[in-house]
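Trainee: Note that the numbering used here numbers the sequence shown so that position 16 is -4, with each residue one more than the last.
In this text, a Cβ means the ideal position worked out from N, Cα and C, and glycines have one as well.
There's a structure below that I have some questions on.
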Amino acid sequence: MAVDGLRVMLDTAQGKLMAVDGISFSVSAGKTLCLVGESGCGKSLTCLALSGLLPPRVGIAGGSVRLDGHELVGLSRRELTRIRGRDIATIYQDPVSALNPVMTIGQQIAESLTLHGGISHAAARAEALRLLDLVGIADAPARMSDYPHQLSGGMNQRAMIAIALACKPKLLVADEPTTALDVTIQSQILDLLRDIQAELGTALLLVTHDLGVVAEMADEVAVMYTGRIVERGPVRSIFRHPSHPYTVGLLDCLPRIDREQRLEPIAGIVPSLARLPAGCHFQPRCPRAVPACGAEVPGYRTVAEGHLAACHNPQRALQ
-19 MAVDGLRVML DTAQGKLMAV DGISFSVSAG KTLCLVGESG CGKSLTCLAL
31 SGLLPPRVGI AGGSVRLDGH ELVGLSRREL TRIRGRDIAT IYQDPVSALN
81 PVMTIGQQIA ESLTLHGGIS HAAARAEALR LLDLVGIADA PARMSDYPHQ
131 LSGGMNQRAM IAIALACKPK LLVADEPTTA LDVTIQSQIL DLLRDIQAEL
181 GTALLLVTHD LGVVAEMADE VAVMYTGRIV ERGPVRSIFR HPSHPYTVGL
231 LDCLPRIDRE QRLEPIAGIV PSLARLPAGC HFQPRCPRAV PACGAEVPGY
281 RTVAEGHLAA CHNPQRALQ
């Protein structure tokens, strides 16, 4: 998956607002890219745009989304329907809302297989049973007949993963898949995603605000703020050498056992899309702001190999 200059526009009572502003990234087969940022920075809208699931009055205003070299922007609804579930699958934040409450878990997995795989109902049911076993649901034959309300949150998330993996997608989009789960179940779900990715070679786009999850899962990281990617690069480089003050602020909010200093939250709040500041959108909250920050949008500078930051006055000297 390669995204180049993607822009997503909201049509609101306040006028047209740019919710995703010219972002670019790529994620290769077998690799994991984490999108990180505060709520409202455009992470979920980015994910919805990739598979053509943007809600009414929200649309792609520019840019390119390519999967295996094929352009997805501009495809018809019918063409996108063939791609969703088969080539691009999504694991949603709240599986209870995403799952159909009047269909059994087995029926929902089999539906994807018959729709995209063209196999018989009997073969689809057998494959659904195998998938439930693959994602670690105990007593899979009995659970096939259960409805979502009969399962725990962790089991519903596993069922959601089984549906997403049914057609062996090339790209798996996981939009905060562990937010509503306790720590033990969260760890199990992340281990499951890693194991399945290693087995199938699936590219994984993981959306999260949990930097602990990022450190554990990511190969590369893209940090978003008000619809822009302000820093991106390999996970080790981002954590060891954060350069954009927003990335530094996010990492400073993490408790660490090797230091006893008080955690310092980022000052201020994320600005409304209707009242975005000129230049760098982070400038009003930034402790390192200089006059240029409010005058022009910063371009990307190289921090290290593959590591870029969009900042006029970065935390560390850039090459």
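With a CB to CB cut of under 6 Å and the five nearest residues on each side skipped, what residues in its chain are close to I218?
Mentor: Same-chain partners within the cutoff: V201.
Trainee: Would A69 and L152 qualify as a contact pair, given that the criterion is a beta-carbon distance under 8 Å?
Mentor: For A69 and L152, yes; Cβs fall inside 8 Å.
Trainee: State the DSSP-derived secondary structure class of H129, mapped to helix, strand or coil.
Mentor: Correct three-state label for H129: helix.
Trainee: Out of V210, V16, T158, P264, which has the shortest C-alpha to C-alpha gap to T282?
Mentor: The shortest C-alpha separation from T282 is found at V210.
Trainee: Threshold first: 3 residues or longer. Then list the beta strand (DSSP E) segments lying entirely within the segment 186 to 232, N to C.
Mentor: Complete beta strand (DSSP E) runs here, min 3: 200 to 205, 208 to 214.
Trainee: For my contact list, L253 and L(-3) are in at a C-beta cut-off of 8 Å; report their separation, rounded to the angstrom.
Mentor: That belief holds up - the Cβ atoms of L253 and L(-3) are roughly 4 Å apart, short of 8 Å.
Trainee: Since V194 and V215 are thought to touch, with beta carbons under 8 Å apart, how far apart are those beta carbons, to the nearest angstrom?
Mentor: About 7 Å separates the two Cβ atoms, so the contact holds.
Trainee: How is M140 classed by DSSP in three states: helix, strand or coil?
Mentor: Helix, per DSSP.
Trainee: For the segment 53 to 93, list the beta strand (DSSP E) runs that are entirely contained and at least 3 residues long, ordered along the chain.
Mentor: Listed in chain order, the complete beta strand (DSSP E) runs (minimum 3 residues) inside the segment 53 to 93 are 68 to 71.
Trainee: Helix, strand or coil for R46? Go by DSSP, reduced to three states.
Mentor: Three-state result, R46: strand.
Trainee: Do you know how far the Cα of V45 is from the Cα of E51?
Mentor: The straight-line gap from Cα to Cα measures roughly 6 Å.
Trainee: Considering only C-alpha positions, which residue in the set M135, S100, A102 is nearest to L112?
Mentor: Measuring from the Cα of L112, the nearest candidate turns out to be M135.
Trainee: My parser needs the alpha helix (DSSP H) runs of 4 or more residues fully inside the segment 160 to 186; what are they?
Mentor: Qualifying alpha helix (DSSP H) stretches, in chain order: 163 to 180.
Trainee: From M83 to I143, what does the alpha carbon distance come to, in whole angstroms?
Mentor: C-alpha separation (whole angstroms): 13 Å.
Trainee: On the DSSP letters alone, give me the boundaries of the beta strand (DSSP E) that K(-4) sits inside.
Mentor: Taken as a continuous stretch (DSSP letters only), the beta strand (DSSP E) holding K(-4) covers -5 to 6.
Trainee: What is the rounded straight-line gap between the Cα of D114 and the Cα of M140?
Mentor: The question names Asp, yet the displayed sequence has Leu at residue 114. Cα to Cα, the separation comes out at about 12 Å.
Trainee: Is the beta carbon of L131 less than 8 Å from the beta carbon of A120?
Mentor: No.
Trainee: Assign T12 to one of two classes, buried (16 or more other C-beta atoms within 10 Å of its C-beta) or exposed (fewer than that).
Mentor: Buried: at least 16 other Cβ atoms inside 10 Å.
Trainee: Considering only the beta carbon of each residue, do V(-12) and S4 sit closer than 8 Å?
Mentor: Result no, Cβ atoms of V(-12) and S4 do not sit closer than 8 Å.
Trainee: Which residue marks the beginning of the beta strand (DSSP E) containing T12, and which one marks its end?
Mentor: Here the beta strand (DSSP E) through T12 covers 12 to 16.
Trainee: According to DSSP, simplified to helix, strand and coil, what is R265?
Mentor: The answer is helix: DSSP assigns R265 an H, G or I state.
Trainee: When burial is assigned at 16 or more other CB atoms within 10 Å of the CB, is G181 buried or exposed?
Mentor: That one is exposed.
Trainee: Ends of the beta strand (DSSP E) at L(-14)?
Mentor: L(-14) -> beta strand (DSSP E) spans -18 to -8.
Trainee: Rounded to a whole number of angstroms, what is the C-alpha to C-alpha distance between T158 and G279?
Mentor: Between T158 and G279, the C-alpha separation is close to 34 Å.
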